[in-house]
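Working notes, structure below.
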Amino acid sequence: MKPISEEHSFFVHQDHCPRITPPGREIYRDDSASLSLFEVDGAEERTFCRNLCLFAMQFLSWKTRYNEIATFLFYVLTRNDEDGCRIVGYFSKHSKVFMTGEESKQKLQLILLTHNAQRAEEWLWTIAYRYE
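In this note's numbering, the protein residues as written are 377 to 508.
And the structure:
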């Protein structure tokens with residue numbers, strides 16, 4: 377995942393990029409709903425996570441952090457089809473390694489679902505998983 381400014385460049389990238397899933401590990405899959413949730417460590421996948429944050433900044437004017445991602449875990453929700461896993465949203469939270477005292481109470485940092493994920497089941501599924 378990276379910013380692409382021209383439609384032609386996007387299609388060229390799409391044709392040549394071998395990645396069909398987000399980086400990280402798949403921690404949940406619901407085949408009946410064609411949804412998966414991937415856990416991505418910001419310290420290990422800096423470029424991918426930074427690009428997620430930059431994407432969120434396009435919709436959330438108050439979202440200002442995109443370089444301080446090493447202390448966060450990102451949970452990426454995908455809709456799965458025959459072409460791979462399409463990102464429909466994500467949420468992030470501080471990694472437990474970096475949480476102490478009062479910080480540990482501030483777990484959830486951001487939830488963002490794209491326009492093609494506005495169905496209530498996906499909102500509820502994402503939030504329900506967060507609080508399990």
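The beta carbon of each residue, even a glycine, is placed where N, CA and C say it ideally should be.
Please read all numbers here as calculations on a predicted model, not as lab measurements.
Minimum C-alpha distance to residue i - residue among the options
i: Asp459; options: Thr397, Lys469, Phe431, Leu430; result: Thr397
i: Arg401; options: Asn427, Phe450, Cys393; result: Phe450
i: Ser468; options: Glu383, Val388, Thr490, Cys429; result: Cys429
Near the ligand MG: residue i beta-carbon under 7 angstroms from a heavy atom
i: Ala432; result: Ligands are entirely absent from the displayed structure, and the ligand MG is therefore not among its contents.
Per DSSP, the bridge partner or partners of residue i
i: Arg455; result: Leu411, Arg462
i: Val416; result: Phe450
i: Asp406; result: Leu411
Euclidean distance between Cα positions of residue i and residue j
i: Ser408; j: Arg455; result: 11 angstroms
i: Pro394; j: Arg462; result: 14 angstroms
i: Lys481; j: His392; result: Confidence in Lys481 is poor, its pLDDT being 49 and thus under 50, which makes the residue's placement unreliable; the coordinate value appears in the next sentence. The straight-line gap from Cα to Cα measures roughly 43 angstroms.
i: Val388; j: Phe424; result: 19 angstroms
Cβ neighbours of residue i in the same chain (closer than 7 angstroms, five flanking residues each side left out)
i: Ala419; result: Ala446
i: Arg344; result: What is shown of the chain runs 377 to 508, which leaves residue 344 out entirely.
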